[in-house]
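> Per the numbering used here, the very first residue in the sequence shown carries number 569; after that it's consecutive.
Got a structure for you, written out below as structure tokens; questions coming shortly.
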Amino acid sequence: MYRHLFRNRWIALAFVLMMTASAISLVGTEERDGVIDQATAQLNGQKQEFEQQAAELSKPTRSHTVIDLAETGDQDEGEESLIDPGTGIDPTPMDGEGIEPVPDLDPVPAG
569 MYRHLFRNRW IALAFVLMMT ASAISLVGTE ERDGVIDQAT AQLNGQKQEF
619 EQQAAELSKP TRSHTVIDLA ETGDQDEGEE SLIDPGTGID PTPMDGEGIE
669 PVPDLDPVPA G
């Protein structure tokens with residue numbers, strides 16, 4: 569393919585001009601930024617915006633209150649304050665109340 573490209577001088581000149589224009593648009597000139605400079609500026613802008621959002625999200629949204637145990641008196645109760653009294657439904661059965669179980673008198677299943 570490249571052999572055929574440089575056999576004709578006009579096609580070779582067009583190829584050189586096309587490559588030069590591509591390089592200028594990619595790198596840029598003194599007056600105009602190229603694609604690489606534009607992409608770098610865009611990425612730096614996105615990075616600064618992301619860092620600003622991350623800094624805002626890392627700030628605490630409300631102040632935390634520290635409770636001094638010496639003022640409340642909770643430190644002298646010992647381990648008894650840590651035990652849960654277990655309030656709720658009593659699992660022991662009720663004596664003499666409720667439905668008595670009735671045995672199934674029909675040994676043959678219906679069907």
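Glycine residues also receive a C-beta, built at the ideal position from the N, C-alpha and C atoms.
Only a predicted model underlies this, so the values are computations on that prediction, with no experimental measurement involved.
Please state whether DSSP places GLY596 in a helix, a strand or coil.
Here residue 596 refers to the residue found at position 28 of the sequence shown. Reduced to three states, the DSSP call for GLY596 is strand.
> Taking the continuous alpha helix (DSSP H) assigned at PHE618, which residues delimit it?
Taking the first residue of the sequence shown as 1, we reach residue 618 at position 50. Run containing PHE618: 603–626, per the alpha helix (DSSP H) assignment.
> Return the CA-CA distance between TRP578 and GLY596, expressed in angstroms with no decimal places.
On the sequence shown, position 10 is the one that residue 578 refers to. On the sequence shown, position 28 is the one that residue 596 refers to. Their backbone Cα atoms lie some 26 Å apart in a straight line.
> Assuming VAL603 and LEU594 form a contact by the criterion Cβ under 8 Å, report the distance between their Cβ atoms to the nearest whole angstrom.
Working through the sequence shown from its first residue, we reach residue 603 at position 35. Working through the sequence shown from its first residue, we reach residue 594 at position 26. Yes, VAL603 and LEU594 are in contact; Cβ-Cβ is about 5 Å, under 8 Å.
> What's the C-alpha gap between PHE574 and ALA609?
Sequence index remark: in the sequence shown, residue 574 carries index 6 (1-based). Sequence index remark: in the sequence shown, residue 609 carries index 41 (1-based). Taking the straight line joining both Cα atoms gives about 39 Å.
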